[in-house]
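Data first, discussion second: the structure below is written as structure tokens.
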Amino acid sequence: MSRILLGLATYVIVAIVLLLPPVLVFTEALRQGLPAALATFADPDARAAIQLTLEMTALSVVVNTAFGILAAWALAKFSFPGRGVLLVLIELPLSVSPVVAGLVWLLLFGSQGWWGDALARHGITIAFATPGILLATIFVTFPYVARTLLPLMQRQGRDAEEAALLLGAGFWQILWRVTLPGARWALLSGVLLTTARAMGEFGAVSVISGHIPGLTETMPLHIETLYNGYQTVAAFSMAALLALMAMTTVALRGILERQADKAGASQAGADKAGGWA
Numbered sequence: 001m002s003r004i005l006l007g008l009a010t011y012v013i014v015a016i017v018l019l020l021p022p023v024l025v026f027t028e029a030l031r032q033g034l035p036a037a038l039a040t041f042a043d044p045d046a047r048a049a050i051q052l053t054l055e056m057t058a059l060s061v062v063v064n065t066a067f068g069i070l071a072a073w074a075l076a077k078f079s080f081p082g083r084g085v086l087l088v089l090i091e092l093p094l095s096v097s098p099v100v101a102g103l104v105w106l107l108l109f110g111s112q113g114w115w116g117d118a119l120a121r122h123g124i125t126i127a128f129a130t131p132g133i134l135l136a137t138i139f140v141t142f143p144y145v146a147r148t149l150l151p152l153m154q155r156q157g158r159d160a161e162e163a164a165l166l167l168g169a170g171f172w173q174i175l176w177r178v179t180l181p182g183a184r185w186a187l188l189s190g191v192l193l194t195t196a197r198a199m200g201e202f203g204a205v206s207v208i209s210g211h212i213p214g215l216t217e218t219m220p221l222h223i224e225t226l227y228n229g230y231q232t233v234a235a236f237s238m239a240a241l242l243a244l245m246a247m248t249t250v251a252l253r254g255i256l257e258r259q260a261d262k263a264g265a266s267q268a269g270a271d272k273a274g275g276w277a
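Residue numbering for the sequence shown is 1 to 277, as defined by full-length UniProt numbering.
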């Protein structure tokens with residue numbers, strides 16, 4: 001009876017906390033019918049927000065994937081002075097409020113910031129422009145690829161890489177042909193986590209972007225603008241699209257994790273059969 005009650009309580013909590021919000025979002029978006037919801041995306045500001053979100057997400061994923069691979073490889077395979085400090089710095093965005101991160105970028109690159117005036121004299125604008133949004137997005141999504149890859153790379157050990165090195169393989173050959181093939185599922189999972197986080201970022205981007213409609217508004221910022229302007233259906237329609245994008249990303253990650261588990265089980269079974277032989 002205790003197990004049954006505990007299971008029911010778990011399902012109720014999951015339904016209320018995880019399932020009810022997206023259901024309400026889609027319900028409100030379709031409250032006046034599908035044509036009214038689709039009309040939201042005919043607005044130039046809405047299309048600009050979608051395009052900016054996709055661009056910032058793609059760029060931040062590329063940057064953090066490249067950094068995450070190299071950082072995880074260095075932390076997993078080598079011991080060096082400052083290793084613990086580097087690990088703490090990678091995890092810093094997980095503990096710092098995104099709003100604080102946005103304020104830091106504004107302090108550095110705003111018109112009254114440390115470097116804002118000097119950059120403006122050279123025609124470089126970061127705050128209240130897309131470069132600032134990109135910096136904020138990169139910061140908040142910084143840890144995901146590295147932290148997803150790190151445990152798996154640590155389990156891999158160094159035997160295969162050392163063997164490849166003895167055979168004359170270079171750094172990039174070892175990384176791309178030895179290390180990463182065994183970590184491809186973890187890498188894809190980290191990339192999808194980064195993608196989902198980048199699309200939904202609000203706090204840091206809100207501070208550094210200036211909230212300029214059609215120019216520096218991402219989808220979460222445009223949703224706030226619509227809601228504050230009492231355009232409820234439009235706000236929930238944009239929120240439904242954002243939620244659909246995020247849920248698709250998370251679903252792909254779940255599929256990849258299951259594929260990784262199956263691949264791991266198959267490899268374990270092959271290794272066990274080889275041991276018996």
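Where is the CB? At the ideal position from N, CA and C, for every residue including glycine.
When the options are compared against residue i, the one with the closest alpha-carbon
i	options	result
residue 241	54, 71, 165	54
residue 58	221, 237, 154, 138	138
residue 246	201, 227, 235, 228	201
residue 226	122, 51, 40	40
residue 21	244, 249, 254	244
residue 45	91, 212, 68	212
residue 35	248, 237, 254	237
residue 110	121, 122, 96, 126	126
residue 100	122, 81, 136	136
residue 182	169, 173, 152	152
residue 157	17, 250, 178	178
Burial state of residue i (16 or more Cβ within 10 Å)
i	result
residue 65	buried
residue 166	exposed
residue 230	exposed
residue 171	exposed
residue 11	exposed
residue 162	exposed
residue 143	buried
residue 235	buried
residue 216	buried
residue 277	Confidence at residue 277 is low in this model, with a pLDDT of 48, below 50, so its placement is unreliable and the value that follows should be read with caution. Flag for residue 277 reads exposed.
residue 205	buried
residue 5	exposed
residue 220	buried
residue 9	exposed
residue 68	buried
residue 199	buried
residue 89	exposed
residue 23	exposed
residue 258	exposed
residue 248	exposed
Under 7 Å between C-beta atoms of residue i and residue j
i	j	result
residue 186	residue 148	yes
residue 146	residue 72	yes
residue 62	residue 195	no
residue 203	residue 98	yes
residue 128	residue 210	yes
residue 337	residue 141	One cannot answer for residue 337 here, as it falls past the ends of the chain, which runs 1 to 277.
residue 154	residue 76	yes
residue 222	residue 49	yes
residue 56	residue 133	yes
Proximity test, residue i beta-carbon vs the ligand FMN heavy atom, cut-off 6 Å
i	result
residue 53	In terms of ligand content, the structure shown is empty, and the ligand FMN therefore cannot be addressed.
Beta-carbon separation (whole angstroms), residue i vs residue j, contact threshold 8 Å
i	j	result
residue 108	residue 114	5 Å
residue 192	residue 252	6 Å
residue 189	residue 86	At roughly 22 Å, the Cβ-Cβ gap does not stay under 8 Å, so residue 189 and residue 86 are not in contact.
residue 208	residue 102	5 Å
residue 29	residue 233	7 Å
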